[in-house]
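Visitor:
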Amino acid sequence: MFPLLTTLGIVIGGALLAAVCVLVKHRFFPPGPDEEPREDVAEYISMMIGVVYALVLGLALVSVWDTRSSAENHVQSEAGALHQVYLLADALPPSAETQVRQTATAYAHQVTGAEWTRMTHREPLGDTGWHLLDRMRDTYEKTGVTGPAQNAGQEALAQMSVLDDARRGRESDAQSSLSPVLWAGLFIGGGLTVGFMFIFGVQRRATHLVMVMGLSGFIVFLVLLIHQLDMPFGGVLGVDAEPFTRYFPTG
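Position one of the sequence shown corresponds to residue 1307 (this note's numbering), numbered consecutively onward.
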């Protein structure tokens, strides 16, 4: 919140400084009687603002889309690795097999239950999930197996490493958000773009009305889209827990 306010303060300060310069220019250096208005300059500035704002919109969309794609990939990798660890427990003695599978199921339910709620609020995941992973890893490491079962144990430990990395990535994705500077650019640029259309609009009222309404609605739609994508585990477009519930149903 504070970086956003700081950015807005700097932008407003720059605009006020420019306004002071204009007032000083008109006060001490007024235009001569032979100077004609330069509407082409205003049109050029309006066009430049529109182009720059399009770049800001594109940058924001790419940023939030990359975060959502990363979150989806991490969830799929984590769920797939957990399922492999669950299946590889066949090579363990019956007691160890039962312990691994119960722990894997408990971990999946921990992710889809408590952790998913925390991720929607950008909160840390907590230590419970890590403790469950350590318990599964210890079971594989402390169970003495030989032959083909030993190969299965090594493969399970490799999958545990994949699972650890995917969990860390998922937690990082859940806490990431769009830069306050970009949010400031979205709101300020949108206001300037629409405002310049009011000031330097076309002469025909109906055409001007349609253009302003269309541009305003499109900008609002894009900002709402960016807001939804900025919540990788919440909202309408957020990643769901289907990769986990597919292998470990909760019902």
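Even for Gly, the Cβ is constructed at its ideal location relative to N, Cα and C. From a predicted model like this one, the values you see are computed outputs, not experimental measurements.
If I follow the unbroken alpha helix (DSSP H) through Gly1541, where does it start and stop?
Guide: Neither: Gly1541 is in no alpha helix (DSSP H) and is coded neither H nor E.
Visitor: Counting along the chain, where does the alpha helix (DSSP H) carrying His1437 start and finish?
Guide: Per DSSP, the continuous alpha helix (DSSP H) segment holding His1437 begins and ends at Thr1434 to Lys1448.
Visitor: Return yes when the Cβ of Thr1418 is within less than 9 Å of the Cβ of Thr1551, no when it is not.
Guide: yes
Visitor: For the alpha helix (DSSP H) holding Val1406, just list the boundary residues, first then last.
Guide: Pro1400 to Gln1416
Visitor: How far does the alpha helix (DSSP H) with Phe1502 in it reach, from first residue to last?
Guide: Taken as a continuous stretch (DSSP letters only), the alpha helix (DSSP H) holding Phe1502 covers Pro1486 to Ile1505.
Visitor: Any chance the segment 1351 to 1369 sits against the segment 1385 to 1398, with 3 or more Cβ pairs inside 8 Å?
Guide: The segment 1351 to 1369, when compared against the segment 1385 to 1398, does not touch it at the 8 Å Cβ threshold.
Visitor: My understanding is that Gln1534 touches Gly1541, with C-beta atoms under 8 Å, so please give their C-beta distance in whole angstroms.
Guide: 5 Å
Visitor: Report the CB separation of Phe1539 from Ala1480 in whole angstroms; it is logged as a contact under 8 Å.
Guide: 5 Å
Visitor: Using the Cα positions of Arg1441 and Glu1421, report the straight-line distance between them to the nearest angstrom.
Guide: When the Cα atoms are used, Arg1441 and Glu1421 turn out to be separated by approximately 18 Å.
Visitor: Buried or exposed: Gly1435, going by 16 or more other Cβ atoms within 10 Å of its Cβ?
Guide: Classification for Gly1435: buried.
Visitor: Taking C-beta to C-beta, are Met1537 and Met1517 nearer than 9 Å?
Guide: no
Visitor: Just to confirm the assignment, what range does the alpha helix (DSSP H) spanning Thr1551 have?
Guide: Glu1548 to Tyr1553
Visitor: I'd like to know if the segment 1467 to 1483 and the segment 1424 to 1435 are in contact, where contact means that at least 3 CB-CB pairs between them fall below 8 Å.
Guide: Look at the beta carbons and you see the segment 1467 to 1483 touching the segment 1424 to 1435: at least three pairs across the two are nearer than 8 Å.
Visitor: Assign His1389 to buried or exposed, taking buried as 16 or more other Cβ atoms, counted over all protein chains shown, within 10 Å of its Cβ.
Guide: buried
Visitor: What residue range is occupied by the uninterrupted alpha helix (DSSP H) comprising Arg1428?
Guide: That residue, Arg1428, is in no alpha helix (DSSP H); it is neither H nor E in DSSP.
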